[in-house]
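J.: Below you will find the structure I want to go over with you.
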Amino acid sequence: MSLKGVTFNIKYDDTYSDRYDALHRVLKRLNSIEDKTTSCVFLDTTKSVDEVHTALFGALDYKKDKAIVFETYRHNMKTFGPK
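If you read the sequence shown in numbering that gives the first Met the number 0, its first letter stands for residue 0, the second for the next number, and so on.
So this is what it looks like as structure tokens:
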């Protein structure tokens, strides 16, 4: 497994909730390990960056929404704030 990150911005409109829910269903299937923030999720997955990127196509509308998929090379992560 390697740590991947996805940061996103979903345009608010009539279908925002549907796309948000679809995105989080995909991320859950990819083993999200930290998703407490509103626009950044970390995944512990064997999938490549390209495979994660492809998986997002059904969840987001790429004419409206933005996403960046990246791979981390250190498995260090620190968080703060309420759980």
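Even for Gly, the Cβ is constructed at its ideal location relative to N, Cα and C.
Is S38 near the ligand NAD, with its Cβ less than 7 Å from a heavy atom?
T.: No copy of the ligand NAD appears in this structure; indeed no ligand is present at all.
J.: State yes or no: is the C-beta of D43 within less than 8 Å of the C-beta of L2?
T.: Closer than 8 Å, so yes.
J.: For a quick check, are the C-beta atoms of A58 and L29 less than 8 Å apart?
T.: No; because the gap between Cβ atoms is not below 8 Å, this pair is not in contact.
J.: State the start and end residues of the unbroken alpha helix (DSSP H) segment that holds K3.
T.: Taken as a continuous stretch (DSSP letters only), K3 belongs to no alpha helix (DSSP H), being part of the beta strand (DSSP E) at 1 to 8.
J.: K65 by DSSP, collapsed to three states: which one?
T.: Reduced to three states, the DSSP call for K65 is strand.
J.: Do you know offhand how far V5's Cα is from V25's?
T.: In a straight line, the C-alpha of V5 is about 12 Å away from that of V25.
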